[in-house]
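Peer 1: Each protein sequence line maps, in turn, to chains A and B. Residue numbers for the first sequence follow this note's numbering, beginning at 71 and rising by one. Residue numbers for the second sequence follow this note's numbering, beginning at 71 and rising by one. We put the CB at the ideal spot given by N, CA and C, even for glycine. Here the structure is a predicted model, which is why all the values come from computation and not from measurement.
2 protein chains.
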Amino acid sequence: MNVVRVALSVDVACFALAADGLRLLLVRRRAEPFAGAWALPGGVVAPDERLDGAARRVLAERTGLRNAYLEQLYTFDDPARDPRGRTVAVAYVALLPAPPPDPHSGRDVSEVTWAPATTPPPLAFDHERIARYARRRLAQKLEYTPLAFRVLPARFTMGDLRQVHETVLGRPLDASNFARQMLARWDLAPVPGERDRRSRRPARLYRHIGEERIPGPPEPDATGAESPPP
Amino acid sequence: MNVVRVALSVDVACFALAADGLRLLLVRRRAEPFAGAWALPGGVVAPDERLDGAARRVLAERTGLRNAYLEQLYTFDDPARDPRGRTVAVAYVALLPAPPPDPHSGRDVSEVTWAPATTPPPLAFDHERIARYARRRLAQKLEYTPLAFRVLPARFTMGDLRQVHETVLGRPLDASNFARQMLARWDLAPVPGERDRRSRRPARLYRHIGEERIPGPPEPDATGAESPPP
DNA sequence: GCGATTAATAGTGAAGATGACTATAATACT
DNA sequence: AGTATTATAGTCATCTTCACTATTAATCGC
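This is the structure:
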């Protein structure tokens, strides 16, 4: 079979919820092209490796985390995106819970950092476009999917939940209206008795009643629509 | 550079608006694997070919149309999806205006047909999953994006627009409420004077005032969210 | 202890959107 | 002329949203 084969890589736009806003994981490239420039963490896909497996591997290499929220974003194939030649990149978005773990540098990267997601430095390849699109998608999915509960502990307050939304959306939300909407949209059970004592007035604790995760191939969730990348 | 290379193909879930409902373009495979089975039209990507270019080529080969609405859907990479070995498939959704053109068969396919989109026959590979996901995405994007105007002539009636929605959604819509919502959501200008005479009472003609298409790399539209595939 | 302060939660009301219907209009068909 | 058919307008109760105000239950600084 003389099938054409192309170089395939994954790039991960990994966001974390820091106290002062949303952060984006970046690595400083050691090798050409774009040596010395900031870039999204990424890597080539091994022949027997799944795409999401490669994305998880890249993420684990840099953050040590293995169970982050991860979702395929878009496949970029502009022939000019890599000066070495045509490389097709499958981009993923990831979201980590707070606090962001210390990032680990490695063989191909001289430095790793959490950059402010809204004002990242110039990035290598087409990674600015990928990062912009990833952030948009994250904000959108937050409204339609139980994404927020993936980065919260099992028991959380409305304040915790609100802070996830505020950080990802980058703007403050009305606490009262927010709670009403969350209680209407999701199945949230108050944890009886227990209260959270971090604030002045103790806050109720809730847990999210989600459907059990279906094993096997990914099934779409009930909500969500897509759009072309930036 | 000893980069691993993988076989890359595109598959297109192409829908058309027939009088009796939404239809899905299928080809009957001539070659193994799955010889004799129905499948989505698809093909391998040439080394210097863009992914969306390959999708358009596949579409043009079967339908003769070159300017259909086309959008990248998801990249499927289950190692078991092709018994010959690992093939990564970038799936696209397409929507054609009514009436669906006569499909052309070709070298690799013995037969081409428009199957009912809601009840397609069993399909080769993971194409049922792709088709299911594609139909869902189409229905979602219809609400958020000006997709419908891409498959309508420049001047159309509310009835035409409603029929596009009804066909894709697969259910009837209230004509009065529908018109109110469309006029609120989109920028629709009535064409002065002219009327459509296909129905009893002549209907107003509208045109959609869309922003000019931005040349260059695709920018995301303002709306839309994504979700993992079925 | 005690009042000031802070965050959580409840409630309120205007404005807007939705969905089911009713009503009227303009034509073609017979 | 009368009727069937589709287009378009209007009504109304219900629901949501959003910007506020109000109340509550703690902690903090004295």
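Could you name the residues of the same chain whose beta carbon sits closer than 6 Å to that of R220 (chain A), not counting the 5 residues immediately before and after it, in chain order?
Peer 2: The residues are Y139.
Peer 1: For the region 94 to 109 of chain B, enumerate the residues whose C-beta is nearer than 8 Å to any C-beta of chain A, in chain order.
Peer 2: For the region 94 to 109 of chain B, which is checked against every Cβ of chain A, not one residue is closer than 8 Å.
Peer 1: Assuming L92 (chain B) and A185 (chain B) form a contact by the criterion Cβ under 8 Å, report the distance between their Cβ atoms to the nearest whole angstrom.
Peer 2: In fact, because the Cβ distance is near 10 Å, the residues do not count as touching under 8 Å.
Peer 1: Could you list which residues in chain B have their beta carbon closer than 8 Å to that of Y144 (chain A), in chain order?
Peer 2: What Y144 (chain A) touches in chain B: Q142.
Peer 1: Using the C-alpha atoms, what's the distance from G106 (chain A) back to E102 (chain B)?
Peer 2: Cα to Cα, E102 (chain B) sits roughly 48 Å from G106 (chain A).
Peer 1: If you pair each beta-carbon of the region 210 to 227 of chain B with each one of the region 270 to 278 of chain B, do three or more pairs fall below 8 Å?
Peer 2: Yes, since at least three Cβ pairs between the region 210 to 227 of chain B and the region 270 to 278 of chain B fall closer than 8 Å, the two stretches touch.
Peer 1: Taking F85 (chain B) as part of the beta strand (DSSP E), name the residues at either end of that continuous run.
Peer 2: Here the beta strand (DSSP E) through F85 (chain B) covers 75 to 88.
Peer 1: Just verifying my parser: in three-state terms, what is the DSSP assignment at R132 (chain A)?
Peer 2: Of the three classes helix, strand and coil, the one that applies to R132 (chain A) here is helix, per DSSP.
Peer 1: Return no unless some Cβ of chain A is closer than 9 Å to the Cβ of L78 (chain B).
Peer 2: Yes - at least one Cβ of chain A is within 9 Å of the one on L78 (chain B).
Peer 1: Please determine, among A:A89, A:D90, A:V115, A:F248, the residue with the shortest C-alpha to C-alpha distance to D81 (chain A).
Peer 2: Among A:A89, A:D90, A:V115, A:F248, the Cα nearest to that of D81 (chain A) belongs to A:V115.
Peer 1: Less than 9 Å between the C-beta atoms of D306 (chain B) and T227 (chain B), yes or no?
Peer 2: Absent from the structure is residue 306 (chain B), since the part of chain B shown begins at 71 and ends at 300.
Peer 1: Does T133 (chain A) pass the burial test, meaning 16 or more other C-beta atoms within 10 Å, or should it be called exposed?
Peer 2: Buried: at least 16 other Cβ atoms inside 10 Å.
Peer 1: If you pair each beta-carbon of the region 204 to 212 of chain A with each one of the region 162 to 176 of chain A, do three or more pairs fall below 8 Å?
Peer 2: Verdict: yes, contact present.
Peer 1: Could you check the C-alpha separation between P288 (chain A) and R255 (chain B) for me, to the nearest Å?
Peer 2: Low local confidence applies: a pLDDT of 45 at P288 (chain A) is under 50, so the model's placement there is unreliable, with the coordinate-based value given in what follows. Whole-angstrom Cα-Cα distance: 33 Å.
Peer 1: Which runs of the beta strand (DSSP E) spanning at least 3 residues fall entirely within the region 191 to 220 of chain B, listed in chain order?
Peer 2: Fully enclosed beta strand (DSSP E) runs of 3 or longer: not present.
Peer 1: Which chain A residues are close to D147 (chain B), counting only those with a beta carbon under 7 Å from its beta carbon?
Peer 2: The contacting residues are R120, L121.
Peer 1: Go to L253 (chain A), then tell me how far its alpha helix (DSSP H) extends in each direction, as first and last residue.
Peer 2: First-last of the alpha helix (DSSP H) with L253 (chain A): 245 to 255.
Peer 1: Could you name the residues that DSSP lists as bridge partners for L140 (chain B)?
Peer 2: Per DSSP, B:A164.
Peer 1: For P117 (chain A), count neighbouring C-beta atoms within 10 Å of its own C-beta (all shown protein chains included) and say buried if the count is 16 or more, exposed if not.
Peer 2: Exposed: under 16 other Cβ atoms inside 10 Å.
Peer 1: Please classify H174 (chain B): is it buried, with 16 or more other beta-carbons within 10 angstroms of its beta-carbon, or exposed?
Peer 2: With fewer than 16 Cβ atoms within 10 Å of its Cβ, H174 (chain B) is classed as exposed.
Peer 1: Counting only Cβ pairs nearer than 9 Å, list the residues of chain B close to P192 (chain A).
Peer 2: Here the premise fails: no neighbours, minimum Cβ distance about 17 Å.
Peer 1: On the three-state DSSP scale, how would you describe E264 (chain A)?
Peer 2: Three-state DSSP puts E264 (chain A) in a strand.
Peer 1: If the criterion is Cβ atoms closer than 9 Å, does the pair L222 (chain A) and V234 (chain A) meet it?
Peer 2: Yes, these two residues count as a Cβ contact at 9 Å.
Peer 1: Do R98 (chain A) and E198 (chain A) come within 9 Å of each other at the CB atom, strictly closer than that value?
Peer 2: No.
Peer 1: Could you check which residue in A:R120, A:L243, A:G240 has the C-alpha nearest to that of T157 (chain B)?
Peer 2: Among A:R120, A:L243, A:G240, the Cα nearest to that of T157 (chain B) belongs to A:R120.
Peer 1: Which residue comes first and which comes last in the beta strand (DSSP E) that contains R98 (chain A)?
Peer 2: From DSSP, the beta strand (DSSP E) with R98 (chain A) extends over 91 to 99.
Peer 1: Between F248 (chain A) and the rest of its own chain, which residues show a CB-CB distance below 6 Å, the 5 nearest in sequence each way excluded?
Peer 2: Excluding positions up to five away in sequence, the list reads R232.
Peer 1: For V115 (chain A), decide whether its Cβ has a neighbour in chain B, counting only Cβ atoms nearer than 9 Å.
Peer 2: Closer than 9 Å to some Cβ of chain B, the Cβ of V115 (chain A) qualifies, so yes.
Peer 1: Would you say L110 (chain A) and L193 (chain A) are within 9 Å of each other, going by their C-beta atoms?
Peer 2: Going by C-beta atoms, L110 (chain A) is nearer than 9 Å to L193 (chain A).
Peer 1: Chain B partners of V158 (chain A), CB-CB under 7 Å?
Peer 2: The answer, in chain order, is L78.
Peer 1: Determine which residues share a DSSP beta bridge with R259 (chain A) and list them.
Peer 2: Note that residue 259 (chain A) is Ala in the sequence shown here, rather than Arg. A259 (chain A) is bridged to A:R277.
Peer 1: So, helix, strand or coil for A109 (chain B), using DSSP?
Peer 2: DSSP places A109 (chain B) in strand when its eight states are reduced to three.
Peer 1: Measure the Cβ-Cβ separation of L87 (chain B) and V238 (chain B) and say whether it is below 9 Å.
Peer 2: Yes, the pair counts as a contact, with Cβ atoms nearer than the cut-off.
Peer 1: List the whole-angstrom C-beta distance separating T188 (chain A) from L96 (chain A), where the pair is believed to meet the contact cut-off of C-beta under 8 Å.
Peer 2: Contact doesn't hold; Cβ gap of about 14 Å is too wide.
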